[in-house]
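To start, the structure itself, in structure tokens.
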Amino acid sequence: GTQLQSLRIGDPTAENEMTTLSSYFLQTDQYTRTLKGDVNLVVGRKGSGKTALFIQARDEIRSDKRNIVVDLKPEGYQLLKLKEEILTYLSEGSRQHLITAFWEYLLLLEVAYKLLEKDKPIYKHNHLITNLYLELEETYHIADFSAEGDFSERLLTLSQRIVGEYQDKYGLDHLHKLTGEQVTELLYVHDIRLLRSRISAYLEQKRAVWVFFDNLDKGWSTHGVDEIDAIVLMCLINAGRKIERDMQKQNRIFHCIVFVRNDVYEHLMQNSADYGKEMRAVLDWTDPDQLREILRLRLISGVDKTNSTARLDQVIPIVCMSHYKGDETVDYMINRSLMRPRNLIKIFSHCRGFASNFNHERINEDDIEKGIAAYSEDLLLELDRELTDVFPSSKNVLYHLLDANAKLTKIELYTLVKEAGVIESVVYKIIDFLLYYGVVGLITETKDMYIYDVNYDLRKLEIRIDRAGTEAQFCVNPAFWPALNIKSPN
Numbered sequence: 008g009t010q011l012q013s014l015r016i017g018d019p020t021a022e023n024e025m026t027t028l029s030s031y032f033l034q035t036d037q038y039t040r041t042l043k044g045d046v047n048l049v050v051g052r053k054g055s056g057k058t059a060l061f062i063q064a065r066d067e068i069r070s071d072k073r074n075i076v077v078d079l080k081p082e083g084y085q086l087l088k089l090k091e092e093i094l095t096y097l098s099e100g101s102r103q104h105l106i107t108a109f110w111e112y113l114l115l116l117e118v119a120y121k122l123l124e125k126d127k128p129i130y131k132h133n134h135l136i137t138n139l140y141l142e143l144e145e146t147y148h149i150a151d152f153s154a155e156g157d158f159s160e161r162l163l164t165l166s167q168r169i170v171g172e173y174q175d176k177y178g179l180d181h182l183h184k185l186t187g188e189q190v191t192e193l194l195y196v197h198d199i200r201l202l203r204s205r206i207s208a209y210l211e212q213k214r215a216v217w218v219f220f221d222n223l224d225k226g227w228s229t230h231g232v233d234e235i236d237a238i239v240l241m242c243l244i245n246a247g248r249k250i251e252r253d254m255q256k257q258n259r260i261f262h263c264i265v266f267v268r269n270d271v272y273e274h275l276m277q278n279s280a281d282y283g284k285e286m287r288a289v290l291d292w293t294d295p296d297q298l299r300e301i302l303r304l305r306l307i308s309g310v311d312k313t314n315s316t317a318r319l320d321q322v323i324p325i326v327c328m329s330h331y332k333g334d335e336t337v338d339y340m341i342n343r344s345l346m347r348p349r350n351l352i353k354i355f356s357h358c359r360g361f362a363s364n365f366n367h368e369r370i371n372e373d374d375i376e377k378g379i380a381a382y383s384e385d386l387l388l389e390l391d392r393e394l395t396d397v398f399p400s401s402k403n404v405l406y407h408l409l410d411a412n413a414k415l416t417k418i419e420l421y422t423l424v425k426e427a428g429v430i431e432s433v434v435y436k437i438i439d440f441l442l443y444y445g446v447v448g449l450i451t452e453t454k455d456m457y458i459y460d461v462n463y464d465l466r467k468l469e470i471r472i473d474r475a476g477t478e479a480q481f482c483v484n485p486a487f488w489p490a491l492n493i494k495s496p497n
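To convert, note that position 372 of the sequence shown is 379 in the numbering used here; the numbers rise steadily by one, no gaps.
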């Protein structure tokens, strides 16, 4: 086949490129801060690179055999029963108490599991850990606890056991307030103090423990997020910090980092007293040059690994026409990526796919047009689901932009949203969401302004809109034009 057909620039989904990611990963400041343990949250939109950072940081840290890396990726359904059959019936204080204790218990169990799993082949031959291993094993493996399966199975088993114990003791007829003693009776099968103590003793022979927690917001898509979801997230963060403080008192290094979508985080935390106080690494992209660098690294990896300093404008002409419709091709793609790395990779991959299908030596104009159209359809489906994840009443709103003009007055946009069946009291909230996701932007005297042009600060758009009043004009992002048959202003 042609060089283009053999070109591989990685997969838009980071989970599918674990073995190759390191060869073209862009080491950002957020990545560096994560490696230093300066953050306890990594937040970013879908496609912003959270999972890529998760994978790269995990692999870099565990390359030092003295580190213990616990990477946890649950599925949403494991907590669903706990939420519906217990948390709904608890007072707010009891919820926070129970969930924080639940996460602390679970994190300690997973650290113990990882220590025992990692050192099982060597503990008999290493006198420094032999006794420590046997003591921890004795504490961890007890009669009423099953350690079989992976983390998701253990999480499900633990939550199901708590549900059963709770229903046996309290039923489900009214709100309950649980004392600390009752939480202990309900939750713990192990001697939690002894477990914590023996983990700490074991860690004297290790360098550091890193817990990476991803996918917590997966599974919140069906019904949207609510108050209990907010408590679950905050309690996980608090439990990680509590263990970190306890271990630091004994000179142990412990880090717990939670990866979560930033739109979910902001939606959940806006009513929290601790909002904004967390040490966060925010993966919101505002600089097109960084996206150009991501694409450059991937193309070099696929075209010529020996020439790592080649500029993007030197590499692009090998595989693609350099300009399209008067713009540099890469800039044209970036302007339709919503400033998300995954989307840029998707666009280029779609275009390369069409060129390969027709045995083209390089991506030409027809390939770009077809690739952008295919990407636009993908984006429409994805963004419709993403909006519904956080705000369920916004389902199918995007489809009501079909056949609309690229430029819309405030009244026209309001009418289109209302046609989707959205109740009048939340129409402007939906418009805020459309602005927040970059689906629409605000037309100003100097440029079309999208959320990523104002550093993802929605207030800067809202104030400009309020100033313009009924004269405010909006623009539909060109990324959606093909899929929604948007009428071009030209």
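Idealized CB from N, CA, C, for every residue including glycine.
Query                                                                                                           : Result
Ala215, enclosing beta strand (DSSP E) - first and last residue                                                 : 215 to 220
Range of the contiguous alpha helix (DSSP H) that encloses Cys358                                               : 348 to 364
Pro324 beta carbon less than 8 Å from that of Leu223                                                            : no
Nearest-angstrom Cα separation, counted from Val77 out to Pro19                                                 : 25 Å
Exposed unless 16 or more other CB atoms sit within 10 angstroms - verdict on Gly51                             : buried
Those residues which DSSP pairs with Gly448 across a bridge                                                     : Cys482
Euclidean distance between Cα positions of Tyr382 and Arg359                                                    : 12 Å
Which of helix, strand or coil DSSP assigns to Thr39                                                            : helix
Cβ pair count under 8 Å reaching 3, the segment 124 to 139 against the segment 260 to 275                       : no
Completely contained alpha helix (DSSP H) runs for the segment 128 to 174, where each covers 4 or more residues : 137 to 147
Three-state class that DSSP yields for Glu67 in the structure shown                                             : helix
Minimum length 4: unbroken alpha helix (DSSP H) runs contained in the segment 77 to 125                         : 84 to 92
Sufficient close CB pairs (3 or more, under 8 Å) joining the segment 166 to 179 to the segment 91 to 110        : yes
CA-to-CA distance, Asn314 to Ile458, given in whole angstroms                                                   : 36 Å
Sheet register partners of Cys242 (DSSP bridge)                                                                 : Bridge partners of Cys242: none, in fact.
Distance between Ala215 and Glu67 (C-alpha atoms, nearest Å)                                                    : 13 Å
Cβ pair count under 8 Å reaching 3, the segment 353 to 369 against the segment 395 to 406                       : no
Residue range of the unbroken beta strand (DSSP E) whose run includes Ala288                                    : 287 to 289
Start-to-end residues for the beta strand (DSSP E) that takes in Phe266                                         : 261 to 267
Three-state secondary structure (DSSP) of Glu368                                                                : coil
Unbroken beta strand (DSSP E) run spanning Val49, endpoints                                                     : 48 to 50
Straight-line Cα distance separating Leu48 from Tyr140                                                          : 31 Å
As assigned by DSSP and simplified to three states, the class of Thr316                                         : coil
Thr58 burial status per 10 Å Cβ neighbour count (16 or more: buried)                                            : buried
Opening and closing residue of the beta strand (DSSP E) in which Thr416 lies                                    : 414 to 416
Where Met286 falls, given that 16 or more other Cβ within 10 Å makes a residue buried                           : exposed
Ala108 to Gln12 span [Cα, whole Å]                                                                              : 53 Å
Supposed close pair Leu390, Tyr444 - CB separation, criterion 8 Å                                               : 6 Å
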